[in-house]
Every structure is written in C-alpha cells, then in structure tokens.
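**Student:** I have a structure I would like to understand better, so I am pasting it below and will then ask my questions one at a time.
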Amino acid sequence: MLCPPAYAESECVVLLHGLARVSNSMSELSRKLERANYDVVSINYPSRRHSIDVLAADAVGRGVASCRLLHAPQISFVTHSLGGILLRYYLVDNEIAELNKVVMLGPPNQGSELVDGLLPVPGFKFFGGPTGIALGTDDAGIVASLGAVNFDLGVIAGTTNINPLARLFIPGPNDSIVSVESTKVEGMRDHIILPVTHTFMMRNNQVIDEVIHYLKTGAFIPQEAKP
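Note that this note's numbering gives residue 101 to position 98 of the sequence shown, counting from 1, and the numbers run on in steps of one.
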C-alpha cells in the first residue's frame, strides 16, 4: 500500500517585499521565521512594472497558492511597505479562508507624503512606475479607496529619518519614506513605533522579534516586558 506524501502542517507565512526591492531583501526575516518553525514563502514580483491590481493578483495569489500546496492550516503575511498595500487591495475582493495574522512594516496605509512631493519631479514617474505614482495621499491615490481592514493586523512604524527629502515633504516623525501617522489604518489590532529606517527595518533584530511575537500572540511585546 502506497503511503500519501507528507505535507507540512505548520503555519505558512507569506513575505511580500516593497517597491523597487526583491524577495532577497526579506531573507533575514525569512531565516528567523523558519527557525521559529514557520513555513515561509517569499514572493518576488516586478513592483515597478505593473499597476497595483495586476501586482496584487499575481503576488498575493502566488503566495496563497504556494502555502496551499503545503497544505498549511493557516496562512499569515508579513509585508514591507508596498507589499501591505497589495495585500489590502487583494482582500477587498478576495477571501483567504486560511488567513490568520498580518504584520505590516512601514506600510503607506494612508498614502505617502513623499510621493506627493516627488510627483512633479522629472524622472520620478519613471522610477516609481505605475504603482509608485499611485501611492499619493489624495483621493486619486489607490489607498484612499481601500477603507478599513477587517483582518488581524499589527503595524510597525519607524522613526529614523536619514533622507533629506523626507524632511522637506513629510510632516512629523517618519522612517525616511513613510510618516508614522500614515502607517495607521482603521481596524488594525496593534501598532508599535521603533527607531528604524524604512529601507532596512525588515532586517532589524528588534523588528523581527516583534513580528514573531505578533504572529504567535496577536500582539506586540508589551513595553514593560522589554529590557
């Protein structure tokens, strides 16, 4: 009698990188999630080449399909920047029955003031592509149409600004790309602010510890529990 193939029974975590990045940018996070006994699927997608609707269907869809091939009982997501917007866009019209928790790192949930400021600058539309230029804060930006979230979401925002342009265009504390205020979205379950930059937050050990804690407990590490 032939035995059926063995499938993973661990929770599967889909990683979605940000604009103008690749899946390798999430490699440190991927390794530590695997050590924490998660199955990890890190999706690579051409973030500057297509519109948000195309990218969301492709990237999120492939992530879910890969986890289902593992017969994962639950699927969670950890996203960086644009990756979070792709997931929100996808979930407007699509249900993921196995969806468990989501952690977003530096998401422009209310759009990016930096995009607002750079739109008139020659060359920015070419660099950002159709997705980048759709991340503004006004009603024409894609995020204005997404509404509140209805899934278990924790958000990590950064406050280390090393970008001179951010000082010109972004009001208040920010991570060099996205303001702390813009990371917030109605319906999120928890929100934490850490002294990290947008570009490298997903490689920061404290950020990774917070991600794993949220995936396990549905909350970030209580402040009084930190050294």
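Just so it is clear, CB atoms sit at the ideal spot from N, CA and C, and this is done for glycine as well.
Does the segment 173 to 185 come close enough to the segment 104 to 124 that 3 or more CB-CB pairs lie under 8 Å?
**Tutor:** Yes, they touch.
**Student:** Could you tell me which of T163, D212 and N164 sits nearest to E37, measuring between CA atoms?
**Tutor:** As a first step, residue 37 is located in the sequence shown; it is residue number 34 there, counting from the start. Closest by alpha carbon: D212.
**Student:** Where does G161 sit, in a helix, a strand or coil, going by DSSP?
**Tutor:** If you number the sequence shown from 1, residue 161 lands on position 158. Here G161 sits in strand by DSSP.
**Student:** Report the residue ranges of all alpha helix (DSSP H) runs contained in full by the segment 76 to 105; include only those spanning at least 4 residues, in chain order.
**Tutor:** Qualifying alpha helix (DSSP H) stretches, in chain order: 85 to 96.
**Student:** Are V81 and L18 touching if we call contact CB-CB under 7 Å?
**Tutor:** Here the question's residue 81 lines up with position 78 in the sequence shown. Here the question's residue 18 lines up with position 15 in the sequence shown. Cβ distance < 7 Å, so V81 and L18 count as in contact.
**Student:** Ignore the nearest five residues each way along the sequence and tell me which others in T186's own chain have a CB closer than 7 Å to its CB.
**Tutor:** Translated into the one-based positions of the sequence shown, residue 186 becomes position 183. Counting only Cβ-Cβ distances below 7 Å, and skipping sequence neighbours, we find G109, P110, N112, V158 and A160.
**Student:** By how many angstroms is the C-alpha of V188 removed from the C-alpha of N153?
**Tutor:** The sequence position of residue 153 within the sequence shown is 150, counting from 1. The sequence position of residue 188 within the sequence shown is 185, counting from 1. If I take the Cα positions, the gap works out to 11 Å.
**Student:** Whose C-beta lies closer than 8 Å to the C-beta of H216 among residues of the same chain, with five residues either side of it excluded?
**Tutor:** The residue given as residue 216 occupies position 213 in the sequence shown. Within the same chain, H216 has close Cβ partners A222, F223 and I224.
**Student:** Contact check, I145 vs I88 under 8 Å by CB: the rounded distance?
**Tutor:** One-based indexing of the sequence shown puts residue 145 at position 142. One-based indexing of the sequence shown puts residue 88 at position 85. Yes, they are in contact, since the Cβ atoms of I145 and I88 sit about 7 Å apart, within 8 Å.
**Student:** Which of helix, strand or coil does DSSP assign to L197?
**Tutor:** Numbered from its first residue, the sequence shown carries residue 197 at position 194. Three-state result, L197: strand.
**Student:** For the beta strand (DSSP E) containing D42, list its first residue and its last residue.
**Tutor:** As a first step, residue 42 must be located in the sequence shown, where it is residue number 39. From DSSP, the beta strand (DSSP E) with D42 extends over D42 to I46.
**Student:** Taking the beta carbon of N177 as the centre, do at least 16 other beta carbons fall within 10 Å, making it buried, or is it exposed?
**Tutor:** What you label residue 177 is simply residue 174 of the sequence shown in a count that begins at 1. N177 comes out buried.
**Student:** Going by beta carbon distance, what residues of the same chain come within less than 6 Å of G135, once the five residues before and after it are set aside?
**Tutor:** Within the sequence shown, the letter at position 132 stands for residue 135. So the qualifying residues of the chain are L22.
**Student:** Less than 7 Å between C-beta atoms, sequence neighbours within five positions excluded: which residues of the same chain meet that for I78?
**Tutor:** Numbered from 1 along the sequence shown, position 75 holds the residue referred to as residue 78. Taken in chain order, the residues that qualify are C15, V17, V67, C70, I99, E101, L102 and N103.
**Student:** Beta-carbon separation of S33 and S50 under 7 Å?
**Tutor:** Reading the sequence shown from its first residue, position 30 is the one you call residue 33. Reading the sequence shown from its first residue, position 47 is the one you call residue 50. No, the Cβ-Cβ distance between S33 and S50 is not below 7 Å.
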